[in-house]
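Q: Position in the sequence shown (from 1) plus 647 gives the number in my numbering. The structure under discussion is supplied below as structure tokens; questions concerning it will follow.
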Amino acid sequence: MSVPKKSTLSTLIQILHIISDTILEFILGWILGVKRHVSAPQNKDYEELLSSSAVELASLIRERKLQSYDLVKAYYENLLVNRDLNAVVDGPFIEAIEEAKLIDERFKNGDITDEELKKKPFLGVPFTTKDSTEVEGKLHTLGLVSRRNERGSKDAECVRLMKEAGAILLATSNVPEVNKWIETRNMLIGQTKNPYDYRRSVGGSSGGEATLISACCTAFGLGTDIGGSIRIPAFNCGIFGHKPTKGVVNMRGCTFRSGDEENTMVAAGPMARYADDLLELMKVLTEQKMVKELQLEETINLKSLQYFYIPCNNMIQCNPIGKDEQNLMMKVCEHFTNLSGSDVKLATLPHLDMTGKMWRYWMTQEPANFNKLLGNGEALNPFIELFKKLFGRSDFTMAAIYSLLDALLPPENEYKIREATRMCKKSTR
């Protein structure tokens, strides 16, 4: 397995990255002190239950081996760890307990038919979703001080589908302001902590979801992703997340989306502790017209597939991945080599070092205006907000203000970006 060569300049800059990171790691480690992490469930009777997969839990409920009330109550009580994690915006909802009781009562009375069970594959299983994804009657702040009391008027389509599949909403989770940052921090709720190490980032923008799932506070969650917002938190918190292709999951109700947008990179997708859950959750979330096209019900012969990997993107703005990640990637490659009987190939995409610029350009083509979203419908002046921040008077984080300022910088070369994008698409067909 070969690794693409780097230019001398790229190598030098990455060395500087490593040196600066090492120094910063030492300084922050000294300032922040020793590692602290969330403890295991205090009630040991719940430990195995809370760490089970959503699919397994749903199966136990269907087979009457587990009551929904016991499961929801276990997660409800374990959400006490949120006082350390700061991941919940609204909840836990007491009506989740009542809904679970009703499900158990219906099972007891024999009111739930096999046909209903087929339509509700996650009956009685609790889940959470981002605060930016609308839920009827629940807080819908998007991390904005100006929306501290705003509540949803209607369930987002992905939430509606999960409820229709029998899942029970337990809480909503923290996000950065209008989802546009790779940390989960805002001036309304504050900073969400990583369950494995409170000093570490949970990522963003679905960081609240990743934290709750990782800390066994929910069976699974719903995230959204426009530039890593599912994938980065999943990576940081040691769980699984899937960003589907745009259009596969209806986006109505997610960050003010109508669901009719065409030219967009954003998608909603599942997040879970187990990879096994992702496919079953996608079957619920996927637009029905695309289920057959995506062959979600088909059994795939993994041995017949060709596997590829990308060790790095050679962007000089990015730090090189660590040795642990490199070693794990090679282990994964070895696994699929043994499985398929053929070598995992290096994927060589053109202009991979331009991915940051490509994303920045295509973000300007999104239907949503970040400035107005941040201002809750009103345009903001980044220089005024920066001045207010110096005196602690701004309602926005420095990350949000930085994003406002970045929008004022010269745009990327449109021709180069569109051509690079076209070549990347062509090489993957």
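We put the CB at the ideal spot given by N, CA and C, even for glycine. These numbers come from a predicted model, not from an experiment.
#1: Given that a residue counts as buried once 16 or more other Cβ atoms are within 10 Å of its Cβ, and exposed if not, what is T1011?
#2: I'd like to know whether the C-beta atoms of S820 and T760 end up nearer to each other than 8 Å.
#3: Would N756 pass as a contact of T839 if the rule is Cβ separation under 8 Å?
#4: Kindly indicate which residue of F769, E1032 and V681 has the alpha-carbon position closest to the one of L1051.
#5: Would you mind reading off the limits of the beta strand (DSSP E) that contains K777?
#6: Please say whether V735 and V685 have beta carbons closer to each other than 8 Å?
#7: From S649 to V822, what distance separates their C-alpha atoms?
#8: For K992, tell me which candidate among G1022, I957, E1025 and R1040 has the shortest Cα-Cα distance.
#9: Skipping 5 residues on each side, what residues in its chain have a beta carbon closer than 7 Å to that of D751?
#10: Is it true that the CB of P891 sits closer than 8 Å to the CB of M929?
#11: Do three or more CB pairs link the region 913-922 to the region 876-891 at distances below 8 Å?
#12: How about P997 and S1074: are their beta carbons less than 8 Å apart?
#13: Keeping to the same chain, check which residues put their C-beta closer than 8 Å to that of L986; ignore five residues upstream and five downstream.
#14: For M1001, count neighbouring Cβ atoms within 10 angstroms of its own Cβ and tell me buried if that reaches 16, exposed if not.
#15: With distances taken between CB atoms, is the gap from F867 to A701 smaller than 8 Å?
#16: Please classify P1057 as buried or exposed, where buried requires at least 16 other C-beta atoms within 10 Å of its C-beta.
#17: By DSSP, does N974 sit in helix, in strand, or in coil?
#18: What first and last residue would you give for the beta strand (DSSP E) that runs through L786?
#19: Pick from E742, I665, T858 and T984: whose alpha carbon is nearest that of D731?
#20: Rounded to a whole number of angstroms, what is the C-alpha to C-alpha distance between I815 and A705?
#21: Give a yes or no on whether the C-beta atoms belonging to W677 and G874 are separated by under 8 Å.
#22: Starting from the N-terminal side, write out each stretch of the alpha helix (DSSP H) that is 4 residues or longer and does not extend beyond the region 927-955.
#23: Measure the Cβ-Cβ separation of G771 and G813 and say whether it is below 8 Å.
#24: At what residue ranges does the region 719-744 contain a whole run of the beta strand (DSSP E), taking only runs of 3 or more?
#25: With a threshold of 16 other CB atoms inside 10 Å of the CB of F1017, please say whether the residue is buried or exposed.
#26: Leaving out five residues before and five after M834 in sequence, what residues of the same chain have Cβ atoms less than 7 Å from its Cβ?
#27: If I measure Cβ to Cβ from E830 and keep anything under 8 Å in the same chain, skipping five residues before and after, which residues do I get?
#28: Can you tell me the Cα-Cα spacing of D668 and Q964, whole angstroms?
#29: Which ranges does the beta strand (DSSP E) cover as unbroken runs of at least 3 residues, wholly within the region 1041-1066, from first to last along the chain?
#30: Return yes when the Cβ of D802 is within less than 8 Å of the Cβ of G900, no when it is not.
#31: Any idea if N841 is buried or exposed, counting beta-carbon neighbours within 10 angstroms, 16 or more meaning buried?
#32: Looking at T902: is its Cβ nearer than 8 Å to the Cβ of V825?
#33: From C863 to A922, what distance separates their C-alpha atoms?
#34: Within 10 Å of its beta-carbon, does N796 have 16 or more other beta-carbons around it, so buried, or fewer, so exposed?
#35: Please confirm if T892 has its CB atom under 8 Å from at least one CB of chain B.
#36: When DSSP builds the beta bridges, which residues end up paired with K992?
A: Put simply:
#1: Exposed.
#2: Taking 8 Å as the Cβ cut-off, S820 and T760 do not qualify as a contacting pair.
#3: No, these two residues do not count as a Cβ contact at 8 Å.
#4: E1032
#5: P773 to K777
#6: no
#7: Bear in mind that the predicted position of S649 carries a pLDDT of just 48, short of 50, making it too unreliable to give a figure here.
#8: I957
#9: Q714, S715 and Y716
#10: yes
#11: yes
#12: Yes, the Cβ-Cβ distance between P997 and S1074 is below 8 Å.
#13: L949 and K950
#14: buried
#15: In this structure, A701 lies closer than 8 Å to F867 by Cβ.
#16: exposed
#17: helix
#18: Neither: L786 is in no beta strand (DSSP E) and is coded neither H nor E.
#19: Nearest of E742, I665, T858 and T984 to D731, Cα basis: T858.
#20: Whole-angstrom Cα-Cα distance: 12 Å.
#21: no
#22: 935-941
#23: yes
#24: 735-737
#25: buried
#26: V792, D1042, F1043 and T1044
#27: P823, Q838, S848, V849, G850, G851, G854 and A1046
#28: 13 Å
#29: none
#30: yes
#31: Buried.
#32: A contact, by the Cβ cut-off of 8 Å.
#33: If you draw a straight line from the Cα of C863 to the Cα of A922, it comes to about 15 Å.
#34: exposed
#35: Protein chains in the displayed structure number just one, and chain B is not present.
#36: F955
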